[in-house]
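In my numbering, the protein residues as written are 1 to 192.
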């Protein structure tokens, strides 16, 4: 976290943001928000630029994760399951998630893209499951852009005084927003 945050004060910060956003969607554990927030705070007029960089790189990284799942999982799957067990990601959870894609493909990708769920696990399992690629890309674009543009806008609009609030409550607010969105979709489906 501290190592990532240090990049916010370097001239190559935008490049670091792109690389970090790309990597986080396919293998890196630290979310790009920790670099995006101080970048926007330091250069508040560039909030659209940084949100765009973060969103584009994250979607491209998600596509890389999708292709890792689609083309490399057969070769690395056993190794990953053995070495990632400490994260709580088990074969049973993996199988359960791939089954859920059959009904909820868009919503699973969208939820993971907007909330603090580990997006990299979703991108890889989406590729393993072979979900519809255009749906995957669309859900990634919508959710990642919504997340990063919202964070950037809040940093731009309210500056340093909102940082503690975003740090403390963003994950809960993102989960609530997603629950309301999915709940509304389900209500429209079952009531309509």
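Just so you know, even glycine gets a beta-carbon here, dropped at the ideal spot from N, CA and C. All of these numbers come straight from a predicted model, not from anything done at the bench.
C-alpha gap between residue i and residue j, whole angstroms
i: residue 101; j: residue 117; result: 16 Å
i: residue 71; j: residue 53; result: 27 Å
i: residue 159; j: residue 10; result: 20 Å
i: residue 74; j: residue 127; result: 11 Å
i: residue 96; j: residue 103; result: 12 Å
i: residue 141; j: residue 59; result: 6 Å
i: residue 79; j: residue 30; result: 22 Å
i: residue 40; j: residue 125; result: 32 Å
i: residue 131; j: residue 82; result: 25 Å
i: residue 38; j: residue 164; result: 12 Å
i: residue 192; j: residue 155; result: Any reading at residue 192 needs caution, since the residue's pLDDT is 45, under 50, leaving its predicted position unreliable; the model's value is listed next. Cα to Cα, the separation comes out at about 39 Å.
i: residue 112; j: residue 98; result: 14 Å
i: residue 138; j: residue 161; result: 33 Å
i: residue 133; j: residue 42; result: 37 Å
i: residue 110; j: residue 49; result: 22 Å
Beta-carbon separation (whole angstroms), residue i vs residue j, contact threshold 8 Å
i: residue 123; j: residue 77; result: With a Cβ gap of about 15 Å, residue 123 and residue 77 do not count as contacting.
i: residue 25; j: residue 65; result: 6 Å
Beta-carbon contacts of residue i that lie in its chain and below 8 Å, excluding the five residues immediately before and after
i: residue 153; result: 47, 51
i: residue 91; result: 81
i: residue 44; result: 155, 156, 159
Helix, strand or coil at residue i according to DSSP, with G and I counted as helix
i: residue 30; result: coil
i: residue 25; result: coil
i: residue 83; result: helix
i: residue 164; result: helix
i: residue 130; result: coil
i: residue 117; result: coil
i: residue 11; result: coil
C-beta contact flag for residue i and residue j at 8 Å
i: residue 68; j: residue 106; result: no
i: residue 57; j: residue 94; result: no
Contacts around residue i, its chain only, beta-carbon distance under 7 Å, and the 5 residues preceding and following it disregarded
i: residue 7; result: 13, 16, 35
i: residue 27; result: 120
Contacting residues, own chain, Cβ-Cβ under 6 Å from residue i (five flanking each side not counted)
i: residue 32; result: 20, 21, 24, 54
i: residue 149; result: 51
i: residue 172; result: none
Residue-level contact to chain B via CB, residue i, 8 Å cutoff
i: residue 10; result: The structure shown contains no chain B, having only a single protein chain.
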